[in-house]
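Converting from the sequence shown to this note's numbering requires adding 79 to each position, the first position being numbered 1. C-beta: ideal position from N, C-alpha, C; glycine also. Note that the structure is predicted; figures quoted are calculated from it, not measured. These notes are about the structure you will find just below.
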Amino acid sequence: WGEYDSSPRAGLPTVLATGATPRFLVRQLYPGPSLQEMAPLDLEQALELFSSVLSVLQRLHQDGVVHGRLKPTNIFGAGLTDSGLLVPETDPWALLFRAPELSGTSTAPIGAGADLYSAGAVLHYMLVGKPPFAAADVSQALRAPFVQLIPSLPRNTQDPDFRLGLQALLTRLMSIDPRDRYLSASQ
């Protein structure tokens, strides 16, 4: 288990205790509803929360930590919970937010780009209230980024130029190849 300097005020997942046999983590509990329960958000709320999530990811990445499990159920206000690459994901819904390299469907190295992919999927969820792809089971969820297009944002999302800019942001963040994504959360 890796350790990193974290602060609840900074929105970082705080590990309160660990155990070796059996392996476990005790994490900080955030009060209030998760993003899953709040979405869709209005555009201003979504962009503010997205900016906060990116700030937390940037701090994690500067410390050499990949969150690896970014999804709406792990976002509470500007706080992130439940990080960890060691936990296999078997929930089809959660896999729709996971980068292909984290899901084992790509041989690309795992790095900050994996969290940026997930951040793009989460931004889509913030704006639309549903994952960017549809899947009924694990197999479909694993194939979804390769066979489904990232859906267009609704036309009521701000003016056309702004909506196209948001769509371009989502498309780049959710590129299959991490080399086509942004290099960092601060970019």
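{"query": "DSSP-derived helix/strand/coil call for Leu-249", "result": "helix"}
{"query": "Contact under 9 Å by Cβ, Leu-206 with Leu-120", "result": "yes"}
{"query": "Pairwise C-alpha distance: His-140 and Ile-154", "result": "17 Å"}
{"query": "Element boundaries [alpha helix (DSSP H), containing Tyr-196]", "result": "191–207"}
{"query": "Arg-148 burial status per 10 Å Cβ neighbour count (16 or more: buried)", "result": "buried"}
{"query": "Ser-134 versus Gln-246: straight-line alpha-carbon distance, rounded", "result": "21 Å"}
{"query": "Beta-carbon proximity check, Arg-111 vs Gly-156, cutoff 9 Å", "result": "Strictly speaking, residue 111 in this sequence is Gly, with Arg absent from that position. A contact, by the Cβ cut-off of 9 Å."}
{"query": "Gln-227 vs Phe-212 beta-carbon contact at 9 Å", "result": "yes"}
{"query": "Whole-angstrom distance between Ser-185 and Arg-260, CA atom to CA atom", "result": "15 Å"}
{"query": "Residue ranges of each alpha helix (DSSP H) within the stretch 110–167, 4 or longer", "result": "114–117 and 122–141"}
{"query": "Leu-262 to His-203 span [Cα, whole Å]", "result": "20 Å"}
{"query": "Rounded separation between Gly-199 and Gly-190 - CA only", "result": "15 Å"}
{"query": "Separation of Leu-128 from Val-145, as counted between CA atoms", "result": "19 Å"}
{"query": "Option nearest Trp-172 by Cα separation, candidates Phe-225, Pro-151, Leu-122 and Ser-130", "result": "Pro-151"}
{"query": "Proximity winner among Leu-136, Gln-137 and Thr-160, relative to Leu-114 (alpha-carbon distances)", "result": "Thr-160"}
{"query": "With 16 other Cβ atoms within 10 Å as the buried cut-off, status of Gly-143", "result": "exposed"}
{"query": "Same chain, Cβ closer than 7 Å to Leu-249, five either side skipped, listed in chain order", "result": "Gly-199, Leu-202, His-203 and Ile-229"}
{"query": "Straight-line Cα distance separating Pro-188 from Ser-182", "result": "12 Å"}
{"query": "Local conformation of Asp-170 per DSSP, three classes", "result": "coil"}
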